[in-house]
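In full-length UniProt numbering, the protein residues as written are 17 to 333. Contents: one structure, followed by commentary.
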Ligand code: CP
């Protein structure tokens, strides 16, 4: 059993193996991924301490298509409301012979904390922790890019919006640099795209036209107000005027650029409906690819082919 907490420290070979395995699941059923027995007899528990539509549902579908027994613990109606601690909740779930916990939490470092305190018989998969990491989202984004563009060679990619609070942007940056993409632009206002991100191998752009110029891939991110805690930020209308992706601003990108967004999208804040629903958009392909990528990660973790840990992250409360 191995954990999957971050992309930090995973090399190009293992990322490519995740993508190839996900591709093999997709090619089994073209539009709908077929059921395989790889996790038969295993118990997977979805532990979502923060809300989710796409990630929770696609992990559940992925577990079921791998033939696992999948439990969704409803945190709001669980005994945590009676004062039970996180660790006591986990110990009880371990006692039910769980094999894998899928963990989402608003605290950065929460999945790592849980991995440290659980028995080694349970694999922990990070489904998004605070602003730290969202590794399966980044891998489904990589699969979507590879399926539409063929390879990562020579690609120009812009990630636009609230980079500062985005676990998706951090994991995407790690994946893209590991896969050899050298032209990665982080685009947004100074308050949301601080200069220290340049140390992660990206170019910082505070001007949307310069950021989008001739790019092959545009990734839009929403303003993550739940993580902002009183920071000085532009209003939604000002943000849309300066950084919104519309048919006019998308024209700065390559004519065959694809438009991505991890969701949830805020129409008229970071992206127009015409673009979100338009011919360049691959936003719903990302969701479909998420099932195959999560099947790949879960099956590789269960057979011990992954080890992704990050002892540098500390849990914020
Ligand atoms: N992309 C993403 O994490 O979406 P959810 O919050 O709906 O899971």
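All C-beta atoms, glycine included, are put in the ideal place defined by N, C-alpha and C.
Straight across, the Cα-Cα distance linking residue 182 with residue 54 is about 33 Å. In the DSSP assignment, residue 165 falls within the unbroken alpha helix (DSSP H) covering 151-165.
Straight-line measurement puts the Cα of residue 310 at about 22 Å from the Cα of residue 91.
Rounded to whole angstroms, residue 22 and residue 288 show a C-alpha spacing of 32 Å. Counted as a single uninterrupted DSSP element, the beta strand (DSSP E) harbouring residue 219 occupies residues 219-221. By the criterion of a C-beta distance shorter than 6 Å, residue 150 is surrounded in its chain by 144, 183, 184 and 187, once the five residues flanking it on both sides are discounted.
Bridge pairing for residue 203: 176 and 221 [DSSP]. Judged by beta-carbon spacing, residue 236 lies within the 8 Å limit of residue 177, meaning their Cβ atoms are closer than that value. A residue is called buried when at least 16 other Cβ atoms come within 10 angstroms of its Cβ; residue 160 meets this threshold and is buried.
Between the C-alpha atoms of residue 27 and residue 190 there is a straight-line separation of about 10 Å.
In this structure the stretch 66-86 does not lie against the stretch 28-36, because fewer than three pairs of beta carbons, one per stretch, are closer than 8 Å.
Boundaries of the beta strand (DSSP E) harbouring residue 85: 85-89, taken from the DSSP string. Between residue 41 and residue 317, the C-beta gap is not smaller than 8 Å, which leaves the two residues out of contact. DSSP, read as helix, strand or coil, puts residue 27 in coil.
Contact between the stretch 94-107 and the stretch 158-172 is absent, with fewer than three C-beta pairs closer than 8 Å. For residue 147, there is no enclosing alpha helix (DSSP H), as DSSP gives it neither H nor E. The shortest C-alpha to C-alpha distance from residue 266 to any of 206, 228 and 254 is the one to 228.
One Cα belongs to residue 215, the other to residue 148, and the distance between them is close to 16 Å. In the three-state scheme derived from DSSP, where H, G and I count as helix and E and B as strand, residue 303 is classed as helix.
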